[in-house]
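First comes the structure, then the notes that go with it.
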Amino acid sequence: MQRTISASLLALAAATAVTLPASAQEAKPAPLGELVAKVQIPYESFKLDNGLTVLVHTDRKAPVVAISVWYGVGSKHEPKGKTGFAHLFEHLMFNGTENVPGDFFQPLQQVGATDLNGTTWFDRTNYYQTVPTGALDLALMMESDRMGHLLGAVTQEVLDNQRGVVQNEKRQGDNQPFGLVEYEQLENLYPSGHPYHHSTIGSMADLDSASLADVKSWFTDHYGPNNAILVLAGDIDLATARAKVGKWFGDIKSGPAIKPVSAPVPNLPAPVAKTIKDQVATTRIYRMWAVPGLDNPDYLPLDLAASVLGGLASSRLDDALVRQQKVAVSVLADTEIFAQAGQFVVRADVVPGQDPAKVAAALDAEMAKFIKEGPTADELLRAATSATAGEIRGLERTGGGSGKAPTLAEGLLYNGDPQHYRKELDRIAAMKPTEVAAAMQKWLTRPAFSLTVEPGVRTEGGEARGGFYTQTATGARPAYFRDPDLPAKGAPVSSVAPADRSKLPAVGELAPLDFPAIERATLKNGIPVYFARRTAVPTVSVRVSFDAGYAADPKSALGTESLLLSLMDEGTQKLDSSALARERERLGAAISLSATSDLTSFQLDALGPNLAPSLGLLADIVRRPALAPAEIERVRTQQLAGIAAEMKNPQALASRVLVPAIYGSHPYAFPPSGSGDPDVVKKLTREDLLAFHARWFRPDTARIFVVGDTTLDAVVKMLDTSFGDWKANRMARPVKDFSAAVAPSKSRVILVDRPGSPQSFIMAGKVIDAKGTDDLVALGTANDILGGNFLGRINMNLRENKGWSYGTWNGVSEPLDRVRFQVIAPVQADRTGDALVEIKREIDQFTSTKGVSAEELDWSTKGSARELPGMFETSAAVLDGMAKVVNYKRPDNWYETLADRYGKMTVAEADKAFRDKIGSEGMVWVVVGDAAKVRPQLDTFGLPVEEMAAPQ
Numbered sequence: 000m001q002r003t004i005s006a007s008l009l010a011l012a013a014a015t016a017v018t019l020p021a022s023a024q025e026a027k028p029a030p031l032g033e034l035v036a037k038v039q040i041p042y043e044s045f046k047l048d049n050g051l052t053v054l055v056h057t058d059r060k061a062p063v064v065a066i067s068v069w070y071g072v073g074s075k076h077e078p079k080g081k082t083g084f085a086h087l088f089e090h091l092m093f094n095g096t097e098n099v100p101g102d103f104f105q106p107l108q109q110v111g112a113t114d115l116n117g118t119t120w121f122d123r124t125n126y127y128q129t130v131p132t133g134a135l136d137l138a139l140m141m142e143s144d145r146m147g148h149l150l151g152a153v154t155q156e157v158l159d160n161q162r163g164v165v166q167n168e169k170r171q172g173d174n175q176p177f178g179l180v181e182y183e184q185l186e187n188l189y190p191s192g193h194p195y196h197h198s199t200i201g202s203m204a205d206l207d208s209a210s211l212a213d214v215k216s217w218f219t220d221h222y223g224p225n226n227a228i229l230v231l232a233g234d235i236d237l238a239t240a241r242a243k244v245g246k247w248f249g250d251i252k253s254g255p256a257i258k259p260v261s262a263p264v265p266n267l268p269a270p271v272a273k274t275i276k277d278q279v280a281t282t283r284i285y286r287m288w289a290v291p292g293l294d295n296p297d298y299l300p301l302d303l304a305a306s307v308l309g310g311l312a313s314s315r316l317d318d319a320l321v322r323q324q325k326v327a328v329s330v331l332a333d334t335e336i337f338a339q340a341g342q343f344v345v346r347a348d349v350v351p352g353q354d355p356a357k358v359a360a361a362l363d364a365e366m367a368k369f370i371k372e373g374p375t376a377d378e379l380l381r382a383a384t385s386a387t388a389g390e391i392r393g394l395e396r397t398g399g400g401s402g403k404a405p406t407l408a409e410g411l412l413y414n415g416d417p418q419h420y421r422k423e424l425d426r427i428a429a430m431k432p433t434e435v436a437a438a439m440q441k442w443l444t445r446p447a448f449s450l451t452v453e454p455g456v457r458t459e460g461g462e463a464r465g466g467f468y469t470q471t472a473t474g475a476r477p478a479y480f481r482d483p484d485l486p487a488k489g490a491p492v493s494s495v496a497p498a499d500r501s502k503l504p505a506v507g508e509l510a511p512l513d514f515p516a517i518e519r520a521t522l523k524n525g526i527p528v529y530f531a532r533r534t535a536v537p538t539v540s541v542r543v544s545f546d547a548g549y550a551a552d553p554k555s556a557l558g559t560e561s562l563l564l565s566l567m568d569e570g571t572q573k574l575d576s577s578a579l580a581r582e583r584e585r586l587g588a589a590i591s592l593s594a595t596s597d598l599t600s601f602q603l604d605a606l607g608p609n610l611a612p613s614l615g616l617l618a619d620i621v622r623r624p625a626l627a628p629a630e631i632e633r634v635r636t637q638q639l640a641g642i643a644a645e646m647k648n649p650q651a652l653a654s655r656v657l658v659p660a661i662y663g664s665h666p667y668a669f670p671p672s673g674s675g676d677p678d679v680v681k682k683l684t685r686e687d688l689l690a691f692h693a694r695w696f697r698p699d700t701a702r703i704f705v706v707g708d709t710t711l712d713a714v715v716k717m718l719d720t721s722f723g724d725w726k727a728n729r730m731a732r733p734v735k736d737f738s739a740a741v742a743p744s745k746s747r748v749i750l751v752d753r754p755g756s757p758q759s760f761i762m763a764g765k766v767i768d769a770k771g772t773d774d775l776v777a778l779g780t781a782n783d784i785l786g787g788n789f790l791g792r793i794n795m796n797l798r799e800n801k802g803w804s805y806g807t808w809n810g811v812s813e814p815l816d817r818v819r820f821q822v823i824a825p826v827q828a829d830r831t832g833d834a835l836v837e838i839k840r841e842i843d844q845f846t847s848t849k850g851v852s853a854e855e856l857d858w859s860t861k862g863s864a865r866e867l868p869g870m871f872e873t874s875a876a877v878l879d880g881m882a883k884v885v886n887y888k889r890p891d892n893w894y895e896t897l898a899d900r901y902g903k904m905t906v907a908e909a910d911k912a913f914r915d916k917i918g919s920e921g922m923v924w925v926v927v928g929d930a931a932k933v934r935p936q937l938d939t940f941g942l943p944v945e946e947m948a949a950p951q
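For what it's worth, numbering that gives the first Met the number 0 labels the leading residue of the sequence shown as 0, then goes sequentially.
Next up, the structure:
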C-alpha cells in the first residue's frame, strides 16, 4: 500500500494579505501530542501451527466484522517474463475454489458484505470484506478455501477469461491522460531487472504467455498461510477469533518460505530528461527521484518535506508558482513509499501560454531553495497536524482499503509491528526541521529524472510496457480486482481436524440496522439544524447545504457556480488564501466546497477539540468570501484548464456530450462536472459571482447537518455564534424552474473521435419518467440485477464471460427532479460494435422475455438488506444518509424500513418497476474512441450515427 502524508490538492489563490479575524486569532488548536494520543487501535494476536498470524481488534459500534488477508507477495517478486502474475492471480482467486465454485462476489454480496475487493501492489496482495457478524463463518470459510483449496478450480477457461479482464484493466489505465507516466517513472528511475522497474499490471506479452502450469506454480510458491496475515476487526473478541480461525484455517499446510528480495535504492549516474506527447490539455513538468522505502527511517522526513513543498494547501510551490508568479495551474509534491524503496515526485501543470522552460526553471529554483533551507517549525507543525487529523478520521472505518484492519496488517507486514502507525505518528510529532532538511539534502541533491508531458499525439502506446497510472490518484495506485472508487503476540494455536467444506456455513442471526436518531433544532435566524451523535472517534462533520446546485446556473451562464465555489475557497474578507490554508492546517480541519445538480454544500470535517474555531473559518468562507479581483483571472484560468482536461478524458468527455443531449431544455442539461461552458467562463465578472452568492447562498435557503462526537445543545451554541446572526437579504427566495418538458430523445449513436484510443468508452442513457423523490426502491433492485451490481447481467457478460471490459455499470441517477438511466462500459476498441449489440440485447431481453429471476431477486434483495448496518459504519455515511432523508422528505426511519421492504419484494414488482420506466428505445449511445477503428463496427448496431471530433 502506498503510504503518504502529503495530500493531493488543487491550487489555491492569494488575495491581499490582511489581519486575521478574531475567531482565528483566538483559536487555540489542541496540542499535537494530545491528538497523537487519540490514535489507538488496541489488538490481540495469535499464531497457528501452519504459520498464519492473526490480529484481532474489538470494536462493537456496528454488528459487522472486517476481514483483511494480506499475503507477502507482489509484483516485485515476479521474475523476468512473468510480469503481471501477482495481479492476475488476485483475479483468479475471486473466481471460485474447489468447494465454492463460481464467482466469490455472489455469496458475499448475498450476506451483505461491504468494502469488498482485492488489490495487488509491489510488495503485497490483499483481500478484504466487511460482513455482518452472523456471516463471519461463511466469509472465513471462503477466505480459507482460496488459501488452501484453490488450484482444482483454476481451469484454462478461467485463466483465459481473467487474462482478458486484466488486459482491459491495463488498456483502461493506458487510455487516460498521462496514462503512460508510470511506465516512464519506473523504467527510468529503476534499472532493468530491479524489482520495482516494472509495474504491477504487467506487460501484454507476459500476460499472454502465462500458462496454466505457470500460474499454479506461482500460487504454490507464494500463497501459504506462513506468508499471510489475517486481521479481524469489529464485532468480535479473541476467544471467538481463535475458535473460528482455527476451525477454518488450521488444516491448511504451510507453504515454502518466501525468498527475500533485494531492492536497493538506485542512484542515477547523471540527470535524465525526456519529453513525451499525450492527449492532455496542459503541459506537465515532473521532477522525480528514487528514495528510501519503509525499511529506512529517512522515508518519513521526506514525506513531511513533500507535504510542505507541495502537499499542503499552503505549500511552498502553491504560494510561489500558483499564487504569486501565476505560472502554474496546479502543483503537487508527493512521496510514493513502498517497502524497500519509493519515489519523490514533484509536478507542475503549466498555465496555457506560459513558456514551459521558464516554469521549469521557476520550479527548480523553489525546490533548490527549499532543499537548502528546509521547512520552518510552523510549516512542519501544520504538516504533522494535518497528517494526524487524517489518521484520526480514518480510524472510524474498521476495514476496507485504509481502515483499522489494514493499518494493523500493513505495520506487521512491512515493519514487523502492528503498532508501527503509532511509532510513525510519534516520530512525526517529534520531527525537527533540521531532520527534514538533512533528508532532503541527502536524497534530493542526487541526479533527477525530469519528464515533460506535452499536448500532442502519442508516439507509442502501453501495450509492451508493464504498468498503468491514473491521473486522479495521488500517484500510482494498486491494481484492483474491481474498479472502484483494498512479531505476533500470544501462544500458537494447535491445528485442528479439517472443517466441513461440503457446503457454505449457514448465516447466523443478523442484527438489523439501528440508524442514529435524528435530532432537530433551529438557529436564532431560522436555519434548521439536523444532528446525529457518533462517538467512535473525536471528530465532528458539519455540512451547510443550500438549495442551489449546478441547476441554479442560468442557461446562458453555465459554469457560474463552479467559478464562484473555487473563488470562495481562495480566501475571505479577512484572510487571504495562504492565511486561510494555514489556519485550517493548524486546526487539522478539512473544508470542502461542492455541488450536485440540486444542492450546494460547504462541509467541515473538524477535530472535536477544535470545533469552535473551525466553525469560525467555515462561516467566514460561506458568508464573507473575498472574491478578490486580483484572483479571478487566475482561478478562471484554472477552471478553463479543467474544462480542457475534461475534453481529453474519455469518461468526462462522454458525459459532456450525453447529458445535455438527453435533457434538452431542462435545468439538468449541463455537463455533470458543473464546470460549464468555456465561452461563458471567459466572460464572467466579479459582479456576476457576487449576484449569484447573494441570490442563492442565504440563511432562508440553508440547512445544517451535523454528525459526530458532540451534543446538539453544544453544537447549536457554536453554530449560533457562527451563523445565527446571518440575516436574509430582501430579495425573494429563488426558485428553480423544473416545468420544462423533457422531449423524448431520438435513438442514435454519437461517435466522438479520439484517435489512438486502445479502448472505446461507451456511455448511453435516457431521461425517464420519474423523479429522485419518488419511491425508486424496486426500480433500484431491478437495475442492480441488470448491471448496477458487480453480479449484474451486463457486467458479468462483458467482463466475466467475454473479457472485453474491466467492468461495466448501469444506474438510475437520483437528483430531486427528473432522473436518467445510464450505462457505462469501457471496452477494448476492436469489440466496440459487439459490446453495443450485447448491451442493447441485455436491456431488450430484460424488459421483455427474460426479466428478473427468482434467484437474482434473492441475491439482490438479501444483499441490499443485509449490507445496511455496514453501509452506515462511518460518520460520513450517516451524514449523507441523514441529509438524504431530509432533502428527499423521507421519514426518519427510512433506512430502517428498507430491510423489510426488500424481504417482501416480488419478482413481478421489480419487473414492473423497471419495465414501466426503462427500455432501449430513445436511448442515446455516446462512444468515445478511435473512429477509424470503431466506425466500421457500428453498421451492425442498426442506429443512425452522428460523428464529431473531440473538442480541442
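Using N, Cα and C, we set each Cβ at its ideal position, and we do this for glycine too.
- State buried or exposed for Val55, treating a residue as buried only when at least 16 other CB atoms are found within 10 Å of its CB. buried
- Task: Would you tell me roughly how many angstroms separate the C-alpha atoms of Thr281 and Val328, rounded to the nearest one?
- Result: Going by the C-alpha atoms only, they are around 9 angstroms apart.
- Query: Roughly how many angstroms separate the alpha carbons of Ala152 and Pro100, rounded to a whole number?
  - Reply: 7 angstroms
- Query: Per DSSP, Phe545 forms a beta bridge with which residues?
  - Reply: Thr599, Ala701
- Item | Option nearest Tyr285 by Cα separation, candidates Val344, Ser812, Ala367 | Val344
- Task: Would you kindly report the start and end of the unbroken beta strand (DSSP E) that includes Gly764?
- Result: 758 to 770
- Distance between beta carbons of Ala828 and Asp938, contact taken as under 8 angstroms: Not confirmed; about 16 angstroms, so no contact.
- Task: Pick helix, strand or coil for Ile823, following the three-state DSSP scheme.
- Result: strand
- Message: Let me check understanding here. Comparing Cα to Cα, which of Ala578, Ala547, Leu606 lies closest to Pro814?
- Response: Per the C-alpha coordinates, the member of Ala578, Ala547, Leu606 positioned closest to Pro814 is Ala547.
- Is Ser210 near the ligand ADP, going by C-beta to nearest heavy atom under 7 angstroms? This structure lacks the ligand ADP; in fact it carries no ligand of any kind.
- Is Ala777 helix, strand or coil by DSSP? Assignment of Ala777 by DSSP, reduced to helix, strand and coil, places it in the helix class.
- Query: Pick from Arg830, Met762, Ala909: whose alpha carbon is nearest that of Asn782?
  - Reply: Ala909
- Query: What does a CB cutoff of less than 6 angstroms around Ser591 pick up in its chain, not counting 5 residues either side in sequence?
  - Reply: In its chain, beyond the 5 residues on either side, Gln602 have a beta carbon closer than 6 angstroms to the beta carbon of Ser591.
- Alpha carbon to alpha carbon, what distance is there between Ala428 and Lys325? 33 angstroms
- Message: What does DSSP give as the partner residue(s) for Thr274 in the beta ladder?
- Response: Thr451
- Message: I'd like the span of the alpha helix (DSSP H) that includes Arg162, first residue to last.
- Response: First-last of the alpha helix (DSSP H) with Arg162: 155 to 173.
- Could you tell me which uninterrupted alpha helix (DSSP H) segments, each at least 4 residues in length, are contained entirely in the segment 116 to 154, listed from first to last along the chain? 135 to 147
- Going straight from the alpha carbon of Val539 to that of Val811, what length do you get? 31 angstroms
- Is the segment 364 to 375 close to the segment 427 to 447, with three or more CB pairs under 8 angstroms? With the cut-off at 8 angstroms, the segment 364 to 375 and the segment 427 to 447 touch.
- Taking the alpha carbon of Val927 as the point to measure from, which residue in Asp736, Glu459, Arg655, Lys243 has its own alpha carbon closest? Arg655
- Item | N- and C-terminal bounds of the beta strand (DSSP E) containing Ile66 | 63 to 70
- Beta carbon of Val35 nearer than 8 angstroms to that of Thr387: Less than 8 angstroms divides the Cβ of Val35 from the Cβ of Thr387.
- Message: Between the alpha carbons of Leu574 and Arg729, how many angstroms are there, rounded?
- Response: 28 angstroms
- Query: Across which residues does DSSP place Trp288 in a beta bridge pair?
  - Reply: Phe343
- Every unbroken alpha helix (DSSP H) inside the segment 868 to 904 [4 residues or more]: 874 to 886, 893 to 903
- Message: I believe Gly755 touches Arg457 by the beta-carbon criterion, under 8 angstroms. Please report the beta-carbon distance rounded to the nearest angstrom.
- Response: 6 angstroms
- CB of Gly402 within 8 angstroms of CB of Arg533, strictly: no
- Message: Only counting the same chain, and skipping five residues up and downstream in sequence, which positions put a Cβ closer than 7 angstroms to that of Ala262?
- Response: Within the same chain, Ala262 has close Cβ partners Lys75, His193, Pro194, Tyr195, Gln339, Ala340.
- Message: Please list the terminal residues of the continuous alpha helix (DSSP H) segment that includes Asn187.
- Response: 180 to 188
- Task: Verify whether the separation of the beta carbon atoms of Leu301 and Trp442 is less than 8 angstroms.
- Result: Closer than 8 angstroms, so yes.
- What residue from Asp597, Thr599, Pro825, Leu616 has the CA that sits closest to Ala589's CA? Leu616
- Message: At the level of alpha carbons, what is the spacing between Val63 and Gly71?
- Response: 26 angstroms
- Query: When burial is assigned at 16 or more other CB atoms within 10 Å of the CB, is Glu142 buried or exposed?
  - Reply: buried
- Query: So Arg753 and Val923 are in contact, right, with Cβ under 8 angstroms, and what is the actual spacing, rounded?
  - Reply: About 18 angstroms separates the two Cβ atoms, so there is no contact after all.
- Query: Helix, strand or coil: which one does DSSP assign to Ile620?
  - Reply: helix
- Rounded to whole angstroms, how far is the Cβ of Met947 from the Cβ of Val680, which I believe are closer than 8 angstroms? Not quite, the Cβ-Cβ distance comes to about 21 angstroms (not below 8 angstroms), so this is no contact.
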